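FYI, full-length UniProt numbering numbers position 253 of the sequence shown as 253, with every residue one higher than the one before it.
All C-beta atoms, glycine included, are put in the ideal place defined by N, C-alpha and C.
The structure displayed is predicted, hence computed values, not measured ones.
So the structure is just underneath, and the comments pick up after that.
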Amino acid sequence: MGTSADLNNHLATVQAQARRTASEQNLQLAVIVAVFNNGEHLRTTAFPSLVASAHFHRMHVLLIDDGSTYQHTLDAVAELAAGHPNVTAFYRPTGGSGSASLARNAGLALAFTDYVGYLDPDDELLEGHWALVEALEEHQDAELAIGNQVRVFNEEAQPVNNLRHYLHRQVRPGVAAAGPEVLAEAEFRTTNLSSWVARTQWLKSTGLEQVAGAAGQDSLFFMQVFAAASRFAAVQQPTYRYHMQVSGSMVNTITTGYFRKALLRERAQRDWLEEVGLLEVFRQHRFEPFFVTWYLAKFQAVPWPQREESVALLTEIAALYVGDPSTHRWRFPQTMQFFGRWSLPSVQGLRPWAGSLKRAAQKTRAGAADRASRAAHRIRQNARTRGGSDPSD
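Rendered as C-alpha cells:
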C-alpha cells in the first residue's frame, strides 16, 4: 500500500464490505477503535468490554490499525475481525501517522450504521453506553447523545459527571440545547470521545475531521461537534471507563514531541474559534486557566534536556491567543512566572494555588494523624510487651 491511490482503493474496498456488513446484519451502532501497537490492550480491555455488552450483536466494531509495527497488534486485529462477523478491520500504511486522528477519520468513512461512537483500546464501554443509542432513538431532534464516565486512577474508580457542564438550556426532560453559545457557557469544557454517540449521517454531513498528527485532537473534535449540533440528548448513566495511567499513552508520555503535536491542534483550534466567532470568549475565559492546569502541569514532567525547546513551543502556543506573551497581562501567578511578566494576579488566577495549598495542608494533616495513630499503636504494643496486657483493656 505504497501510494495514496493504493490507500484510497483499499478504503473503497473495505467501505463496500463495511456497508454490506452493516446492512445484512442490521447493525445500529458503529464503534470506531483506533489501534497502534497496543494490541494487548485491545485484547484484554476494550474488546472484552464490547463483547460483554448485551447489545454487542447490534454493534459494528471498526478496528482501524494506524500502521502498527508490532506483529502481535496486527495479529490481534486480524484475529478479532476473523472471529466475529460484526467486526471489520482496516489497515493504514505501516509506521503510523503520529496520532489517532487519521485512523478515526477512516473509521467514520467506514461507518454505515445509524449511530457512531468511539473507543480507545485501553478503555472500556459500560452497559450504560447503549443508553446513548436509546436516547437518540427517543429524541429524534437531537443530533448527539452525551453521558458520563468512570475514571480509573491507581486502580481507584471515580465517577465523573461531565454532563452537568452542558445542561444550561434545557429544552425538555432529557434534551438540552447545543451550539456555540452553550459551548461558551460551559467554558469550553470537553468530554471524552467515548462518552458520546452521534447520528452517523449528520456527523458526516458536518465535514468535520480530526487534526492529523495532533495531540488533544479529540477535545477539539468534541467542541466542533457540539458547536455544530442544535440539541443533544442527556444520559446520566456512566457510559465508559477511562483508564488514566496507561504506559505509552500520548497524554501520559510528556516530551517535547507532545508539545509539538499540541501546537498542531492549537493552530487548528485557533482558526476554528475565529471562524465560529468564539475566539475572544475563549481567550478571556478559557485559554489561560487551561494553559496553567494542563500545559504547565505537564511541563513539570519534561526531561531537563528538552525543556528549552518545550518552552519555545509553549510560547508559540500562547502567542496564537495573546500575541506577544512577554507583554501580555497575565492573571495567573504560574503564567506570570513562566513568561517573566509579573503583575497583580486576579482572584481566578489565585484559585489553583489556593487549591494546591489546601490539598497540601490536608495531606499534611492526614500524614500527622497517621503518624500519631502509629505512635499510639507502638506505645500500646510496648505496654503489652512490658506488662503482659493492653492498658486499654
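Residue i and residue j closer than 8 Å at C-beta
| i | j | result |
| --- | --- | --- |
| L108 | V116 | yes |
| N148 | P289 | no |
| L167 | A176 | yes |
| W202 | E143 | yes |
| D123 | T200 | no |
| T335 | V292 | yes |
| V225 | A186 | no |
| N105 | E181 | no |
| A100 | A16 | no |
| N86 | H57 | yes |
| F287 | Y321 | yes |
| R151 | M59 | no |
| G67 | G213 | no |
| L193 | F222 | yes |
| V133 | Q28 | yes |
| F282 | I146 | no |
| G174 | H139 | yes |
Boundaries of the alpha helix (DSSP H) in which residue i is found, first to last residue
| i | result |
| --- | --- |
| F221 | 217 to 228 |
| M336 | 333 to 339 |
| Q236 | Unbroken run through Q236 is the beta strand (DSSP E), 231 to 243; no alpha helix (DSSP H). |
| A212 | No alpha helix (DSSP H) contains A212, which DSSP labels as neither H nor E. |
| Y115 | Not the alpha helix (DSSP H): Y115 falls in the beta strand (DSSP E), residues 115 to 118. |
| L11 | 4 to 24 |
| V133 | 130 to 138 |
| A52 | Run containing A52: none; DSSP gives neither H nor E here. |
| W272 | 256 to 275 |
Length of the line joining the Cα atoms of residue i and residue j
| i | j | result |
| --- | --- | --- |
| T94 | H72 | 14 Å |
| F36 | A18 | 21 Å |
| A78 | V160 | 34 Å |
| I32 | G207 | 17 Å |
| G179 | T191 | 15 Å |
| V14 | L63 | 12 Å |
| A52 | Y240 | 13 Å |
| F112 | V211 | 22 Å |
| A234 | R341 | 43 Å |
| L80 | A30 | 16 Å |
| L11 | F90 | 8 Å |
| L163 | H84 | 33 Å |
| A318 | F188 | 17 Å |
| H41 | I254 | 21 Å |
| R20 | D218 | 29 Å |
| Y227 | S326 | One detail in the question is off: residue 227 reads as Ala in this sequence, not Tyr. Distance between the alpha carbons of A227 and S326: 32 Å. |
| N154 | Y242 | 12 Å |
| M250 | K298 | Note on M250: pLDDT 49, under 50, position unreliable in the model; the coordinate value appears next. Near 12 Å, if we compare the C-alpha coordinates of K298 and M250. |
| E308 | S4 | 37 Å |
| A135 | R329 | 45 Å |
| G277 | D271 | 10 Å |
| V311 | F332 | 17 Å |
| E24 | D114 | 14 Å |
Residue range of the unbroken beta strand (DSSP E) whose run includes residue i
| i | result |
| --- | --- |
| P159 | 156 to 160 |
| I64 | 59 to 65 |
| Q170 | 170 to 172 |
| L29 | 29 to 35 |
| W304 | Segment: none, W304 is in no beta strand (DSSP E) and carries neither H nor E. |
| A176 | 175 to 177 |
| A198 | 196 to 199 |
Beta-bridge partners of residue i, as assigned by DSSP
| i | result |
| --- | --- |
| F153 | E156 |
| G95 | Answer is none; G95 lacks a bridge partner. |
| L42 | L42 is not bridged to any residue. |
| V182 | Partner(s): none; V182 has no beta bridge. |
| A145 | V197, A233 |
| A89 | L63 |
| L125 | Y240 |
Among the options, nearest to residue i - alpha-carbon criterion
| i | options | result |
| --- | --- | --- |
| A262 | Y295, A30, G67 | Y295 |
| L75 | R172, R43, N154, F339 | Note on residue identity: the sequence assigns Asp, not Leu, to residue 75. Among R172, R43, N154, F339, the Cα nearest to that of D75 is on R43. |
| A54 | E155, E127, H10, D65 | E127 |
| A215 | S205, Q269, H165, S230 | Q269 |
| N9 | G174, R92, L119 | R92 |
| residue 460 | F339, F332, H328 | Here the chain comprises residues numbered 1 to 393, so residue 460 is not present and cannot be evaluated. |
| R267 | F47, E316, E24 | E316 |
Residue-chain proximity (residue i, chain C), Cβ-Cβ < 8 Å
| i | result |
| --- | --- |
| Y91 | In the structure shown, chain C cannot be found, because there is only a single protein chain. |
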